[in-house]
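Residue numbers (my numbering): 2 to 220.
First the structure, in the form of structure tokens, and then the observations on it.
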Amino acid sequence: WERLSGTTFSGVYAQMASVHMEQYGTTRENLSRVAVKNHENGAKNPHAQLDFECSLEDAQSAPVVADPLNLYHCCPTSDGAACALIVSEDVVDDYTDDPIRVAGVGAGSDTVGLFQRDTYTGVPASQRAAETAYEMADIEPDDLDFAEVHDCFAIAELLAYEDLGFCEPGEAGQLIESGATALGGDLPVNTSGGLKSKGHPIGATGAGQVVEAYKQLSG
Numbered sequence: 002w003e004r005l006s007g008t009t010f011s012g013v014y015a016q017m018a019s020v021h022m023e024q025y026g027t028t029r030e031n032l033s034r035v036a037v038k039n040h041e042n043g044a045k046n047p048h049a050q051l052d053f054e055c056s057l058e059d060a061q062s063a064p065v066v067a068d069p070l071n072l073y074h075c076c077p078t079s080d081g082a083a084c085a086l087i088v089s090e091d092v093v094d095d096y097t098d099d100p101i102r103v104a105g106v107g108a109g110s111d112t113v114g115l116f117q118r119d120t121y122t123g124v125p126a127s128q129r130a131a132e133t134a135y136e137m138a139d140i141e142p143d144d145l146d147f148a149e150v151h152d153c154f155a156i157a158e159l160l161a162y163e164d165l166g167f168c169e170p171g172e173a174g175q176l177i178e179s180g181a182t183a184l185g186g187d188l189p190v191n192t193s194g195g196l197k198s199k200g201h202p203i204g205a206t207g208a209g210q211v212v213e214a215y216k217q218l219s220g
């Protein structure tokens with residue numbers, strides 16, 4: 002079907018959302034809660050593109066883009082830039098007295114086509130990358146104080162909760178509803194506003210998340 006009809010990212014994530022909803026009972030309101038949370042965070046970020054709050058009613062009633070995803074479940078494509086200076090331990094003292102150290106990294110890749118994947122309700126590449134990074138840093142998900150995740154669509158953030166071990170598979174909807182990932186929660190996620198509010202400058206998106214992590218860790 003994807004080969005014949007073509008693939009759009011909104012279409013791919015809409016399919017993943019539909020399967021997650023059918024398999025686990027995830028709801029459109031869960032998706033909208035992601036948007037509400039990230040807009041609330043983004044309204045506090047002077048660099049956010051969509052720097053305004055939105056209500057649950059606004060997020061629920063927005064025009065459909067790719068069912069079940071509507072406009073407020075999708076991030077904007079943005080112009081932007083970000084930079085992080087990474088140096089070795091040998092020279093770090095030349096730049097700062099209080100460096101933020103990278104304790105662990107991980108990487109993974111997968112196909113865009115869902116028909117080639119083993120699952121529609123998770124991203125195995127993210128799971129593998131997280132496992133590698135946790136092992137290198139010698140930590141568990143419960144040790145995290147905050148997280149920046151790729152929320153190009155609201156369902157992507159919910160999938161990240163599960164892929165990164167913040168909750169069990171199928172429990173992301175419950176996690177967002179609990180308020181645990183909001184500012185002041187046990188594990189704030191996307192304190193920058195995420196791609197949904199801060200914006201998605203494509204090539205600069207990942208570096209922008211690193212910058213936000215630096216700001217949070219450096220106080």
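All C-beta atoms, glycine included, are put in the ideal place defined by N, C-alpha and C.
Bear in mind that the values here come from a model prediction, so they are computed numbers and not experimental data.
Residue interval of the alpha helix (DSSP H) (run including residue i)
i, result
"Ala67", "That residue, Ala67, is in no alpha helix (DSSP H); its beta strand (DSSP E) goes 65–67."
"Arg34", "29–43"
"Leu47", "Checking the sequence, you will find Pro at residue 47 rather than Leu. Unbroken run through Pro47: none, as it is neither H nor E."
"Glu136", "125–138"
"Ala60", "57–62"
"Tyr14", "10–25"
Neighbour-count burial assignment, residue i, 16 or more Cβ in a 10 Å radius
i, result
"Glu178", "exposed"
"Cys84", "exposed"
"Ile156", "buried"
"Asp95", "exposed"
"Gln50", "buried"
"Val124", "buried"
"Asp139", "exposed"
"Gly26", "exposed"
Residue i versus the options, residue with shortest Cα-Cα distance
i, options, result
"Cys153", "Gln175, Gly194, Thr133, Ala138", "Gly194"
"Pro64", "Ser198, Ser89, Ser33", "Ser33"
"His151", "Pro142, Glu141, Val211", "Val211"
"Gly9", "Ala67, Asp59, Val93", "The identity of residue 9 in the sequence shown is Thr, whereas the question assumes Gly. Minimum Cα distance to Thr9 is reached at Ala67."
"Pro189", "Ala36, Ala126, Asn42, Tyr25", "Asn42"
"His40", "Pro100, Glu169, Thr192", "Thr192"
"Pro100", "Glu90, Glu58, Gly109", "Glu90"
"Tyr73", "Ala161, Phe147, Glu163, Gly200", "Gly200"
"Gly209", "Gly171, Gly220, Thr182, Glu149", "Glu149"
"Ser56", "Glu30, Cys76, Ala126", "Glu30"
Residue-chain proximity (residue i, chain D), Cβ-Cβ < 8 Å
i, result
"Ala183", "Although the question refers to chain D, the structure presented lacks it and comprises just one protein chain."
Rounded separation between residue i and residue j - CA only
i, j, result
"Ala214", "Gln16", "31 Å"
"Val37", "Glu54", "7 Å"
"Gln217", "Asn46", "13 Å"
"Leu145", "Tyr135", "10 Å"
"Ser19", "Gln175", "17 Å"
"Phe167", "Gly81", "29 Å"
"Pro202", "Pro142", "28 Å"
"Arg118", "Thr112", "7 Å"
Scan the stretch 148–210 and note each continuous alpha helix (DSSP H) run of 4 residues or more that stays entirely inside, going in chain order.
-> Scanning the stretch 148–210 from its first residue to its last, the whole alpha helix (DSSP H) runs of 4-plus residues come out as 155–164, 173–179, 195–198.
Which parts of the stretch 65–101 are runs of the alpha helix (DSSP H), unbroken and 4 residues or longer, counting only runs that do not cross its ends?
-> none
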